[in-house]
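For reference, the structure discussed in these notes is given below.
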Amino acid sequence: MLKRVALVMVALALLVFVGCAKPPEAEIQKATSAIDAARMAEAETYAPASFQVAMDTLNAANAAKTEADGKFALFRSYSKAKALYISADALAQKAAADAATEKEKVRVEVEAKIKEVQALVDSVTTALKKAPRGKGNKADIALLENSLAGVTSSFTDAQNDFAAGKYMVAKNKLATVVSQANEIMAQIEAAKAKKAGK
C-alpha cells in the first residue's frame with residue numbers, strides 16, 4: 133500500500149514537473165521582433181533569400197510549438213520549437229544585415245546609373261532637336277517628342293525614388309528609361325538614315 137502511494141506521489145510530481153513545460157515565450161518574442169526588424173530593413177527586397185530562410189525557420193518553429201501544444205502534458209516538450217525560434221532570431225538578424233549591405237551596394241550603383249542615364253536623356257533630347265524635319269515626318273517627330281517627355285518624366289520619378297531611399301524601385305525605373313531612350317534614339321537614327329538616303 134505504501135509502495136502504491138509512493139508510486140502515485142512520484143507520478144503526480146512527475147506530472148506536475150513535466151506538465152509545467154511552458155512555451156518558449158521569450159524566444160518567440162525575440163524571433164518575431166527580429167523578423168519585424170528584418171522587414172523594416174527591407175530584407176524582403178534587398179536580401180530575399182536570407183529573409184525567406186528566416187521566415188521558413190520561424191514557420192517551422194511555430195509548427196513545432198503547435199505540435200507540442202497538442203501533446204499530452206506528460207509528453208509535452210518545447211525544446212525543438214525553442215531551438216528553432218533561436219535559429220529564426222539569428223537568421224532574421226542576418227537577413228537584416230544582408231539587406232543593409234545590399235541596399236548600400238544598390239544605392240551606390242543607382243547613384244552612378246543616374247549620371248549615365250542623365251547623359252543618355254540629354255543626348256536623345258539633343259538628337260531629337262537636330263532630327264530632320266519635313267512634311268512627311270511631322271507626326272513621327274511629334275510622337276517621338278511625346279515619347280521623350282514620358283521618358284523624362286520616368287527619369288524624374290526614378291530620381292525622386294532614389295532621393296526617398298527607394299533604391300531598388302529607382303534601379304528598375306532607370307532600366308526602363310534606358311530601354312525607352314535607346315528606342316527613341318534608334319528611331320531618330322533611322323529617320324536620319326532615311327533622309328540621307330533620299
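The sequence shown maps to residues 133 to 330 in the working numbering.
The beta carbon of each residue, even a glycine, is placed where N, CA and C say it ideally should be.
Source: prediction; values computed, not measured.
For residue i, the nearest candidate out of the options (CA to CA)
i	options	result
ALA196	GLN319, SER209, ALA186 and PHE204	SER209
LYS298	LYS270, ALA175 and LEU260	ALA175
LEU223	ALA169, LYS237 and ALA263	ALA169
ALA215	ALA192, ALA228 and ALA229	ALA192
GLN225	LEU280, MET172, ALA153 and VAL310	MET172
ALA325	ARG265, LEU280, ALA200 and ALA281	ARG265
LYS270	PHE287, GLN184 and ALA323	ALA323
ALA290	PHE183, ASN278, LYS154 and VAL242	VAL242
ALA153	PHE183, ASP201, GLN184 and ALA181	ASP201
7 Å CB neighbourhood of residue i in its chain, flanking five on each side removed
i	result
ALA313	LEU252, VAL253, VAL256 and VAL283
ASP293	VAL301, ALA302 and LYS305
LYS327	PRO264
LEU280	VAL256, THR257, LEU260 and ILE316
PHE287	VAL249, VAL253 and VAL309
PRO156	TYR210, ALA213, LYS214 and TYR217
VAL185	LEU223
Own chain, CB closer than 6 Å to residue i, minus 5 neighbours either side, in chain order
i	result
TYR178	ALA231, GLU234 and LYS235
LYS245	LEU306
ALA166	ASP221, ALA224 and GLN225
Buried or exposed (CB count within 10 angstroms, at least 16 for buried), residue i
i	result
THR189	buried
MET187	buried
LYS247	exposed
PHE207	exposed
GLN250	exposed
GLN161	exposed
VAL240	exposed
VAL148	The pLDDT assigned to VAL148 is 49, lower than 50, so where the model puts this residue is not dependable; a value taken from the coordinates is nonetheless given after this. Looking at its Cβ environment, which holds fewer than 16 other Cβ atoms inside 10 Å, VAL148 is exposed.
SER311	exposed
ALA296	exposed
ALA158	exposed
ALA274	exposed
SER182	buried
8 Å Cβ shell around residue i - same chain, five flanking residues per side excluded
i	result
ILE320	VAL256, ALA259, LEU260, ALA263 and LEU276
Range of the contiguous alpha helix (DSSP H) that encloses residue i
i	result
TYR178	175-178
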